[in-house]
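Participant:
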Amino acid sequence: YTPLAEIDPEVQNIIDKETWRQFSGLELIASENLTSRATMEANGSILTNKYSEGLPAARYYGGNEYVDELEVLCQKRALQAFHLEPSQWGVNVQPYSGSTANFAALTALLHPQDRLMGLGLPDGGHLTHGYYTAKKKMTASSIYFQSLPYGLDPATQLIDYNGIKSSAKIYKPRLIICGASAYPRDWDYKTLRAIADENGAYLMADIAHIGGLVAAGEQANPFEYCDVVTTTTHKTLRGPRAGLIFFKKTGEKAQDLQKRVNDAVFPACQGGPHNNTIAGIATALLQASQPTWKAYAKQVIANAKTLGEELVARGYKLQTQGTDNHLVLWDLRPLGLTGSKLEKLCDLVGITINKNAVSGDASAQVPGGIRLGTSALTSRDMLEPDMKIVADFLHRAVQLALVLQKEAGSKLLKDFVRVATVEEEGKEGAQKV
Ligand code: PLP
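Sequential numbering from 142 applies to the sequence shown in the working numbering.
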């Protein structure tokens with residue numbers, strides 16, 4: 142029971158620095174949030190000590206009476222948070238992350254080398270939706286399955302549903318995945334269901350980003366149309382880092398799905414569940430089921446809309462001109478500035494953002510945009526007037542980045558960077574900008 146600070150001051154010191162970074166800066170990464178103290182307590186609990194391979198009441202280890210109680214509670218809360226009937230839907234709460242949840246879902250739904258279609262990464266999709274490049278298949282979802290990406294309509298930058306329909310007719314995927322990491326608009330699940338049915342495909346929604354907003358009823362409901370829904374628990378849902386897989390229990394496509402999903406998580410893809418994380422998920426889901434959650438989700442969206450409008454008011458361009466959810470995709474290309482440079486500069490001034498490809502980008506390595514999200518700032522009770530101030534900070538950061546870019550070759554700037562580096566790190570040389 143000796144505290145961390147005594148046993149390992151080095152790690153404690155790093156945690157203290159990161160705590161200060163998180164609380165003193167502005168967290169605008171769309172996939173991040175600030176969990177509640179209660180969730181962190183559960184996540185950091187003694188449950189980390191326990192092995193419990195298997196499912197409640199069917200474990201491969203003894204001593205699981207309380208862990209069983211916890212996992213059943215977590216499942217119940219997951220269904221409640223998303224307003225699902227236990228007779229219609231089941232859930233597996235064991236995935237270690239969104240990526241493992243997705244790979245387990247693919248394992249459950251497909252045979253090796255079956256075909257799937259997902260939104261392409263450069264258009265906002267996720268790696269786990271079948272991403273590969275002309276040079277390499279670097280994701281398990283493209284190594285073990287065949288995949289054909291779908292994309293955005295270049296004119297509107299919205300999902301090209303007609304394109305999906307015509308590609309699916311030829312490609313005949315066994316699975317269509319909807320959901321994204323960087324798409325600021327809502328999804329038309331009904332149309333995708335019709336396309337899936339025309340081709341005998343499963344429909345899976347990955348609501349990793351918008352899970353908390355879906356739970357609040359503030360986005361279209363994927364459960365009305367999909368066979369499987371996966372989510373992470375740590376983005377808009379504000380839980381610990383993990384994933385969930387919801388599967389339909391009724392209907393023709395649901396046959397056997399419960400067993401296939403559960404078997405895919407364990408033993409196909411994972412070993413023992415992280416029970417401390419499951420406790421954290423349960424607590425976060427309890428919080429996401431409270432009446433106050435709807436107000437939180439509404440505010441996340443209102444803040445994102447305001448942030449977008451304030452950037453537009455300052456002359457900037459957004460992908461799709463705005464947002465329906467928690468994120469804004471900011472196209473920096475008209476300024477001749479890359480997302481990487483603005484990300485670096487913002488790091489130096491305590492604003493955390495991430496570079497992101499915007500529609501039509503030639504390279505994902507040097508993306509022309511920035512993805513901004515409002516979940517974390519909303520967890521800090523920020524409101525629309527605060528977003529105006531945040532937009533001002535971002536505007537000032539862009540102006541500074543443009544000056545630095547212009548002056549990048551100058552001796553003055555090089556000297557400045559060197560002096561700043563020496564002051565900050567106490568050593569000569571390392572380049573900062
Ligand atoms: N799915 C989507 C849409 C995501 O955006 C992400 C992560 O950003 C994931 C899955 C993977 O989640 P994790 O990082 O927890 O593996």
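Glycine included, C-beta positions come from ideal geometry on N, C-alpha and C.
All of these numbers come straight from a predicted model, not from anything done at the bench.
1. When every heavy atom of the ligand PLP is checked, does at least one fall within less than 7 Å of the C-beta of Asn-243?
2. Ignore the nearest five residues each way along the sequence and tell me which others in Thr-176's own chain have a CB closer than 6 Å to its CB.
3. Is the beta carbon of Asn-154 closer than 8 Å to that of Val-402?
4. Counting only the same chain and skipping the five closest in sequence on each side, list residues whose C-beta sits under 7 Å from that of Glu-151.
5. Please enumerate, following chain order, all residues with a beta carbon closer than 5 Å to at least one heavy atom belonging to the ligand PLP.
6. When you compare the CB positions of Ile-318 and Gly-231, do they come within less than 8 Å of one another, or not?
7. Using only CA atoms, which one of Gly-353, Lys-158 and Leu-169 lies nearest to Asp-527?
8. Taking a contact to mean a Cβ-Cβ separation below 8 Å, would you say Leu-470 touches Asn-497 in this structure?
9. Who pairs with Ser-288 in a beta bridge, going by DSSP?
10. With C-beta atoms as the reference, is Ile-494 less than 8 Å away from Phe-534?
11. Return helix, strand or coil for Asn-190, following the three-state DSSP convention.
12. In this structure, how does DSSP classify Lys-389 when only helix, strand and coil are distinguished?
13. Would the beta-carbon of Thr-377 fall within 8 Å of that of Asn-444?
14. Would Leu-293 and Asp-301 be called neighbours here (beta carbons separated by less than 8 Å)?
15. List the endpoints of the continuous alpha helix (DSSP H) containing Trp-328.
16. Taking Thr-424 as the reference, which of Gln-221, Gly-166 and Arg-200 has the closest Cα?
17. Using 10 angstroms around the beta-carbon of Met-279, count the other beta-carbons present and answer buried if the total reaches 16, otherwise exposed.
18. To the nearest angstrom, how far is the alpha carbon of Cys-487 from that of Val-539?
Facilitator: Here's the rundown:
1. yes
2. Arg-379
3. no
4. none
5. Ser-172, Ser-238, Gly-239, Ser-240, His-267, Ser-322, Asp-347, Ala-349 and Thr-373
6. no
7. Leu-169
8. yes
9. Leu-257
10. no
11. helix
12. strand
13. no
14. yes
15. Taken as a continuous stretch (DSSP letters only), Trp-328 belongs to no alpha helix (DSSP H), as it is neither H nor E.
16. Gln-221
17. exposed
18. 9 Å
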